[in-house]
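Residues in the sequence shown are numbered from -9 upward in steps of one, following the numbering used here.
Notes follow the structure.
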Amino acid sequence: MANEINAEALRYVAVQVGKRIARQFGGKPAVDLEELRRRYDACSEWMFPSELRDGATAVLPDGEIELTMRQNFAVVMVRMAGSLDGYKCPCTDIHAGWSEGLGVELTRNCATACLRDGDPACRLLMRVGSPV
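As C-alpha cells, then:
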C-alpha cells in the first residue's frame, strides 16, 4: 500500500513540475526530441536537485529518450532504513507525470535496470508518441 501511495503522490507532484517547466519554455510543444530531453532534465533538476542524484538524459538513435541514474537519494535512504526489500521504485510514475505536465504522450515508459535491484545504474526508456 505504501508503494502505491508513494507513486501516486510523486506522480501528482511530477505533473505539477512538468506544467511549471512547460510554462518556463513558453508553453509551446518542444520542437524536437533534443529540446524535449532538455525539458525532462529541467523537470529532474526541479524535483531532485543535482546534489541528491547523479543522472543524465540522452536521445538515442532509435528516437527514445534514455534516463540513466547512477545515484538516487531515495534508494540510498530506503536502503539505510532497511526497507529496500519492500520498496518499489516510482520512476516510471514520475516520468509519466512529467510527460503529462509537459503535454506529451508516452508510448513506452519502462525501466530496464534499477539501482534497487543492485544494477550499477537505473536505466529508463521513454518513447514519445505526440506531439514531438
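For each residue, glycine too, the CB sits at the ideal point set by N, CA and C.
Computed from a predicted structure; not experimentally measured.
| said: Could you check whether W88 and A4 sit closer than 8 Å to each other, using their CB atoms as the reference points? | reply: By one-based count along the sequence shown, residue 4 stands at place 14. By one-based count along the sequence shown, residue 88 stands at place 98. Yes.
| query | For A86, which residues does DSSP report across the bridge? | reply | Here residue 86 is taken as the residue at index 96 of the sequence shown, counted from 1. DSSP lists no partner for A86.
| Looking at the unbroken alpha helix (DSSP H) that takes in V49, where does it start and where does it end? | In the sequence shown, the residue the question calls residue 49 occupies position 59. Where V49 is concerned, there is no enclosing alpha helix (DSSP H), although the beta strand (DSSP E) it sits in stretches over R43 to V49.
| message | According to DSSP, A101 sits in a beta bridge with which residue or residues? | response | Residue mapping note: residue 101 aligns to position 111 of the sequence shown, counting from 1. In the DSSP output, where bridge partners are listed per residue, A101 has L114.
| task | Identify whether M67 lies in helix, strand or coil by the three-state DSSP scheme. | result | If you number the sequence shown from 1, residue 67 lands on position 77. Note: M67 maps to helix in three-state DSSP.
| query | DSSP state of M59, grouped into three classes? | reply | Along the sequence shown, read from residue 1 onward, the residue named residue 59 stands at position 69. Looking at M59 - three-state DSSP - the assignment turns out to be strand.
| said: Tell me which residue opens and which closes the alpha helix (DSSP H) that P33 is part of. | reply: In the sequence shown, counting from the first residue as 1, residue 33 sits at position 43. A quick correction: the sequence has Cys, not Pro, at residue 33. Looking at the DSSP string, the run of the alpha helix (DSSP H) that includes C33 is L23 to M37.
| field | According to DSSP, residues forming a beta bridge with S120 | value | By 1-based counting over the sequence shown, the position of residue 120 is 130. Note: S120 sits in a beta bridge opposite E95.
| query | What span of residues does the alpha helix (DSSP H) with L0 cover, start to end? | reply | Working through the sequence shown from its first residue, we reach residue 0 at position 10. Element bounds for L0: A(-8) to Q14.
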